[in-house]
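Since the structure comes first, as structure tokens, the remarks are kept for the end.
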Amino acid sequence: MTPLKWDEKYILNVKEIDDEHKNLFSLFNRLQDGMNTGKSRAELEHALSDLIDNTVLHFATEEKLMQQFSYIGFVEHKRVHDALIAEAKELQENFSQDRIELSEQVSVFLSGWLTDHILDMDKKYGPLFKK
Ligand SMILES: [Fe+2]
Ligand SMILES: [Fe+2]
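Counting the sequence shown from 1 gives a position; this note's numbering is that position plus 19.
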């Protein structure tokens, strides 16, 4: 799997959010690079938890702004965040318990939700936060 490339299409023009999204891309790429170069399990676990912890923080930033701006899609958006975190935590738990390997499938899942979530859902609140 190739690294995620930051692209204009992900920009929401909300600086705080764009910076956090970029950071998540680079944390994903660090994990991906670790997988590609056969880093130790401990290093991969560390990279995975950095990605997940920062995602949790990022979702909290978005949810705070959504509430602040009385965003109409808040409940649905938060539901999606919670579901993504639950899925990512389950994956993390399975990996740390040695029940799964970090495979191509895992990369596709992680990179897919990062990019799709920005393009599908985050893009919708962009114009509101910009005001
Ligand atoms: Fe986001
Ligand atoms: Fe989001």
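All residues carry an ideal CB built from backbone N, CA and C; glycine is no exception.
Boundaries of the alpha helix (DSSP H) in which residue i is found, first to last residue
i    : result
T21  : From DSSP, T21 is part of no alpha helix (DSSP H); its letter is neither H nor E.
F88  : Taken as a continuous stretch (DSSP letters only), F88 belongs to no alpha helix (DSSP H), as it is neither H nor E.
N48  : 34-55
L147 : 142-149
D155 : Residue numbering for the chain in the displayed model covers 20 to 150; residue 155 lies beyond these limits and cannot be assessed.
W25  : W25 -> no alpha helix (DSSP H), and no H or E assigned at all.
L133 : 123-136
Distance CB(residue i)-CB(residue j) smaller than 8 Å
i    : j    : result
G53  : L63  : yes
M85  : H100 : no
L67  : N48  : no
V94  : M20  : no
T80  : E39  : yes
Q111 : I71  : yes
Rounded Cβ spacing between residue i and residue j (contact assumed at less than 8 Å)
i    : j   : result
L133 : L43 : 6 Å
query = Is it a yes or a no for the region 28-43 touching the region 130-147, going by three-plus beta-carbon pairs under 8 Å?
reply = Yes, since at least three Cβ pairs between the region 28-43 and the region 130-147 fall closer than 8 Å, the two stretches touch.
request  = Kindly confirm or deny that the region 98-111 and the region 66-79 touch, where touching means at least three C-beta pairs closer than 8 Å.
outcome  = Yes, the region 98-111 touches the region 66-79.
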